[in-house]
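Written out below as structure tokens is the structure these notes cover.
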Amino acid sequence: MKTMDLELLKALLSIYSPSGNEMRVAGLIKEQIEDYVDEIHIDPLGNLIARKKGNGKRIMLAGHMDQIGLMVTFIDDKGFLRFTNVGGISPAITLSQRVIFENGTIGVIGSEKLDSIKDLSLDKLFIDIGASNKAEAEELVTIGDVCVYHSEPLIDDKKVVSQGLDDRIGCYIMIEALKNMGSSNNDLYFVFTSQEEVGVRGAKTSAYAVDPDYGIALDVTATGDTPKAKPMAVSLGAGPAVKIRDNSMLSHPKIKTHMIEQAKKNNIPYQLEVLEFGGTDSGAIHLTKAGVPSGVLSIPTRYLHSNCEMVFLSDIENSIKLLVKLVENEIE
Ligand code: CO
Ligand code: ZN
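Following the numbering used here, the numbering of the sequence shown begins with 184 at its first residue and continues without gaps.
The structure is reproduced here in structure tokens:
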């Protein structure tokens, strides 16, 4: 494998892409991959669907382009903005963060006076864009506008820290696998999905259209390797995780076996993931039409759904290596 294109990863992480507004990321990904695929189009729900033709089984890969965000519900007389969540937004994680809107307006999250930190909830928080009154705020934002966490992605020689690693990292791994893979008999669909964070909506319609024989999602998963974390046998740096279950699906034995066998055969470290919450695009894919045997290649990630999600470079590299082998070889 040639070395990873970390500038591309940084570019992917820097793009504004809340659920339902994935056009910019889709544009960048399309540019990156169109020379490597036979067909490519964007469907009515905003999924980017790229096909690398083969005579064998149809395999759908899915990585979601969208990220969680905050949607403006109300602007008060002093110019402060109230908001609701787009996807899984935690009040504790959101307090004091910077946020950015599509037009580049930057704000910070403030809180009402609380008697106890236990009273912290999203409706006690507000976005402060530095406006002096309602009219000034309305020049910059409108009801229904969505902002996302804002910070400069950090990449050093060991780790990546950024908002939006969920799931731009899955998209990145798919792009790199496509660029690095050899020939394959499989009929491959690389699907970059929309609206995962609000209920795997893009995966639902794209899986219906693709009608795959097998499905594999690429998405982040939690770890159990931080102080007093909920016990979980997934750590950063121990390789890609083969999902066994989450709340949206039980991985199909065929896919699980394919992933484990290819990891072993190619000396790629891997770990087994039992996630007691959450779900991925595979939750939708495996229930398509008469059912689709599906699994998930998970990327171990700390501090999910925050402004400082953390992934190790070694896990990214090994995930790319494993995905290349998964798509080059037939599922038996
Ligand atoms: Co997520
Ligand atoms: Zn995700």
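In this text, a Cβ means the ideal position worked out from N, Cα and C, and glycines have one as well.
Predicted, not measured: the structure shown is a model, and the values here were computed from it.
Closest Cα partner of residue i within the set the options
| i | options | result |
| --- | --- | --- |
| V291 | K213, V383, R265 and V479 | R265 |
| I252 | D350, I399, N449 and V282 | Correcting the residue type first, residue 252 is Gly in the shown sequence and not Ile. Per the Cα distances, V282. |
| L480 | I356, R234 and F375 | I356 |
| I451 | L509, K472 and V403 | L509 |
| K413 | D339, V457, H441 and A320 | V457 |
| V383 | G461, N490, F284 and L192 | G461 |
| L189 | D408, S200, T409 and I352 | I352 |
| V324 | S334, I310 and L231 | I310 |
| A314 | L192, R207 and K261 | K261 |
| I212 | L361, S477, D429 and S502 | L361 |
| E222 | E295, G420 and D370 | D370 |
| V344 | M432, I499, T388 and E515 | I499 |
| D302 | S279, V329 and P274 | P274 |
| T267 | E359, P336 and D328 | D328 |
| L455 | N286, N368 and A416 | A416 |
| T186 | E513, N512 and L496 | L496 |
| T256 | E321, I216, R241 and M206 | E321 |
| S502 | S489, P483 and L192 | P483 |
| M364 | E511, A233 and G229 | E511 |
| L401 | M206, I216, A424 and G210 | A424 |
DSSP bridge partner residues for residue i (one or two, in chain order)
| i | result |
| --- | --- |
| L231 | I225 and F375 |
| Q454 | A424 |
| S345 | E492 |
Contact test: residue i Cβ vs the ligand CO heavy atom, cutoff 7 Å
| i | result |
| --- | --- |
| D370 | no |
| E380 | yes |
| G462 | no |
| I482 | no |
| G353 | no |
| G271 | yes |
| I251 | yes |
Beta-carbon separation (whole angstroms), residue i vs residue j, contact threshold 8 Å
| i | j | result |
| --- | --- | --- |
| M254 | I468 | Not confirmed; about 27 Å, so no contact. |
| G347 | L196 | 5 Å |
| T404 | D464 | About 13 Å; that fails the 8 Å criterion. |
| S367 | G237 | 6 Å |
8 Å CB neighbourhood of residue i in its chain, flanking five on each side removed
| i | result |
| --- | --- |
| V475 | M243, A390, P395, D396, Y397, G398, I468 and H469 |
| I289 | R281, V282, I283, I312 and H333 |
| E513 | G239, K240, N368 and N369 |
Proximal residues to residue i (C-beta, below 6 Å), its chain only, five neighbours per side dropped
| i | result |
| --- | --- |
| E380 | S202, D249, I251 and G270 |
| A318 | none |
| D429 | L458, G461 and G462 |
| E285 | Y199 |
Near the ligand ZN: residue i beta-carbon under 7 Å from a heavy atom
| i | result |
| --- | --- |
| V403 | yes |
| D349 | yes |
| H435 | no |
| H247 | yes |
Distance cut-off 7 Å: residue i Cβ against heavy atoms of the ligand FAD
| i | result |
| --- | --- |
| E222 | The ligand content of the structure shown is limited to the ligand CO and the ligand ZN, which means the ligand FAD is not among them. |
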